[in-house]
Amino acid sequence: MSASRVFAGRLAGMMLLGADGESVGRVRDVVVSIRSNRARALGLVVEVAGKRRIFLPMLRIASIDPTEVTMNTSSVSLRPFKSRSGELTVMDDLVGAKVHIDDPEHEHLAGRAVEIADVELELTRTREWDVSRFAVIVRGRLGRRSAPAVVPLTHVHGLSASGAGPQDADAELIAEFKEMRNADVAQVLHELPLDRRARVAGELSDERLADVLAELPDDEQTEILDTFAIERAADILEEMDPDDAADLLGELPDDKADVLLELMDPEESEPVRRLMSFSPDTVGALMTSEPLILTPQATVAEALAHARNPEVPQSLSNLVFVVRPPQATPTGRYLGCVHLQKLLREPPSALIGGILDLDLPALRADDSVETAARYFATYNLVCGPVLDDNQHLLGAVAVDDLLDDLLPEDWRDEDWRDHRSPA
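Position 422, counted from 1, in the sequence shown is what UniProt numbering calls 422; the numbers after and before it change by one each time, with no gaps.
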């Protein structure tokens with residue numbers, strides 16, 4: 001079972017493992033920030049191959065076990081560790097430092113200069129690691145050490161403060177976001193207090209924040225959006241996928257949603273308005289109006305280039321929908337689709353119009369969510385076309401949006417790892 005309290009001295013020397021169990025290096029130290037009102041662990045100093053020391057943010061830690069530390073990822077930054085202003089390392093900077101104690105439970109230490117022997121870290125509900133207690137000793141004559149006394153942080157005085165204020169802490173967190181997936185960033189924001197959540201979100205670019213908002217619960221999306229000026233809120237909505245923007249606007253009062261739609265670029269707001277016209281709990285309300293759409297004259301190479309676009313979600317890159325012009329939804333007549341695996345097996349110069357899957361049934365915008373779930377299960381798809389009665393492509397439904405609708409509203413409140421069966 002993963003520890004929620006651990007002394008830094010125990011971590012030193014532990015093996016660090018990647019998410020797949022591979023050895024990454026050994027923990028050598030813990031980097032902390034100490035302020036007047038709070039002390040917390042920022043990350044680990046890890047020694048990797050070649051005795052190079054790197055920094056691993058605490059948010060990258062999945063579990064701390066008796067003999068090893070496991071990450072929630074298999075990738076690390078190999079940039080050499082360099083302590084920054086306001087940061088201290090436990091083993092190098094704190095252990096041996098002189099402090100004073102005023103703990104009523106250890107009155108014999110009052111007025112005496114004691115040394116820090118170790119630092120205890122405690123996992124908080126926001127998945128940050130706070131410095132909670134200090135193990136201190138009295139060094140007597142001939143260097144003899146007393147038995148350690150464990151004292152809460154609030155009763156320890158004389159520590160060197162890091163000087164790091166809220167803005168520095170936010171900057172550190174945002175720097176960590178650069179190497180994290182949008183869903184993981186959303187999970188971190190979800191666990192922050194509302195004021196800090198809004199402050200950190202406000203420092204993200206419109207494009208990144210749009211992607212992260214889509215991974216948050218509806219009420220937290222609206223809370224964050226409400227903290228921005230109306231013009232910036234409209235800019236963020238323009239960066240969101242139309243289906244995500246429609247969902248968010250649907251949670252706002254009608255008058256505010258109307259103002260935001262008016263402020264958005266007409267080309268961006270039109271598909272959002274169309275999606276908002278569909279009844280909730282139907283396929284139309286779940287679909288995106290911007291799947292991969294090409295004409296039959298496109299080549300396999302062109303189709304693969306579109307599928308490789310990093311801005312296209314993975315779930316939507318598995319199917320290319322082929323239509324007669326116009327390509328914008330609602331399109332001209334729908335002709336069929338081409339699966340990604342099929343594209344990978346065909347010559348690059350082949351026309352996709354000659355390799356269509358003509359047999360895959362399509363969903364209708366008024367189909368129920370349950371119908372869509374059965375459709376995906378029947379055909380083993382991660383994405384499916386949505387047509388109107390005249391065979392025009394209206395959009396596509398992705399399995400991630402379907403799952404988001406089927407799961408309980410509070411599914412993000414718990415880490416998915418908490419639902420694993422015991423090994």
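Think of the CB as a built atom: it goes at the ideal place given N, C-alpha and C, for glycine as much as any other residue.
Item                                                                                                                                                       : Value
Classify T67 as helix, strand or coil using the three-state DSSP reduction.                                                                                : coil
Leaving out five residues on either side along the sequence, give the residues of the same chain with a beta carbon under 6 Å from the beta carbon of G96. : E115
Closest to D366 by CA distance: which of T282, L403, V323, G353 is it?                                                                                     : T282
So within the region 280-305, which uninterrupted alpha helix (DSSP H) runs reach at least 4 residues, ignoring any that extend past its ends?             : 283-286
With a CB to CB cut of under 7 Å and the five nearest residues on each side skipped, what residues in its chain are close to E68?                          : M14, M15, L17
Taking C-beta to C-beta, are A210 and M91 nearer than 8 Å?                                                                                                 : no
Tell me which same chain residues have a C-beta within less than 8 Å of the C-beta of D170, skipping the five on either side of it?                        : R196, R199, V200, E203
Between which two residues does the beta strand (DSSP E) carrying D255 extend?                                                                             : Per DSSP, D255 belongs to no beta strand (DSSP E); it is in the alpha helix (DSSP H), 254-263.
Quick check on this structure: which residue in V99, L11, E220, L44 has the alpha carbon closest to the alpha carbon of L159?                              : V99
Consult DSSP for L44 and reduce its assignment to one of helix, strand or coil.                                                                            : strand
Could you give the DSSP three-state label for A362: helix, strand or coil?                                                                                 : coil
Does the contact criterion of 3 or more C-beta pairs under 8 Å hold for the region 263-275 versus the region 291-306?                                      : no
Can you give me the C-alpha to C-alpha distance between G163 and L260, rounded to a whole angstrom?                                                        : Confidence is the limiting factor: at G163 the pLDDT is only 36, short of 50, which leaves the residue's position unreliable, though a coordinate-based value still follows. In a straight line, the C-alpha of G163 is about 41 Å away from that of L260.
What is the DSSP secondary structure of L269, reduced to helix, strand or coil?                                                                            : For clarity, residue 269 is Ser in the given sequence; the question names Leu instead. Helix.
Which residue marks the beginning of the beta strand (DSSP E) containing D202, and which one marks its end?                                                : The displayed chain sequence assigns Gly, not Asp, to residue 202. Note, G202: premise wrong, no beta strand (DSSP E); alpha helix (DSSP H) at 194-202.
Hey, quick one: how far does the alpha helix (DSSP H) through E239 stretch, first residue to last?                                                         : 230-239
Cβ atoms of V131 and L88: under 8 Å apart, would you say?                                                                                                  : no
Smallest Cα separation from Y375: which of Q391, A396, D219, R38?                                                                                          : A396
What do you get for L314, buried or exposed, if any count of 16 or more other CB atoms within 10 angstroms of its CB means buried?                         : The sequence shown places Gln at residue 314, not Leu. Q314 should be labelled exposed.
Would you say the beta carbon of L249 is closer than 7 Å to some non-hydrogen atom of the ligand MN?                                                       : Summarising the ligand content, the structure contains no ligands, and the ligand MN is consequently not present.
So which of L403, L94, S289 has the shortest CA-CA distance to Q327?                                                                                       : S289
Could you tell me the distance, in whole angstroms, from the CA atom of N390 to the CA atom of C337?                                                       : 17 Å
Let me check one thing: in DSSP terms, what residues is K98 bridge-paired to?                                                                              : E115
From the DSSP output, in three-state form, read off D130 for me.                                                                                           : strand
Mark R345 as exposed unless 16 or more other C-beta atoms lie within 10 angstroms of its C-beta, in which case mark it buried.                             : exposed
So which of M287, A303, L407 has the shortest CA-CA distance to A362?                                                                                      : M287
Expressed to the nearest angstrom, what Euclidean distance is found between the alpha-carbon atoms of S146 and V156?                                       : 18 Å
With distances taken between CB atoms, is the gap from L153 to R181 smaller than 8 Å?                                                                      : no
Kindly indicate the opening and closing residues of the beta strand (DSSP E) around R79.                                                                   : Per DSSP, R79 belongs to no beta strand (DSSP E) and is neither H nor E.
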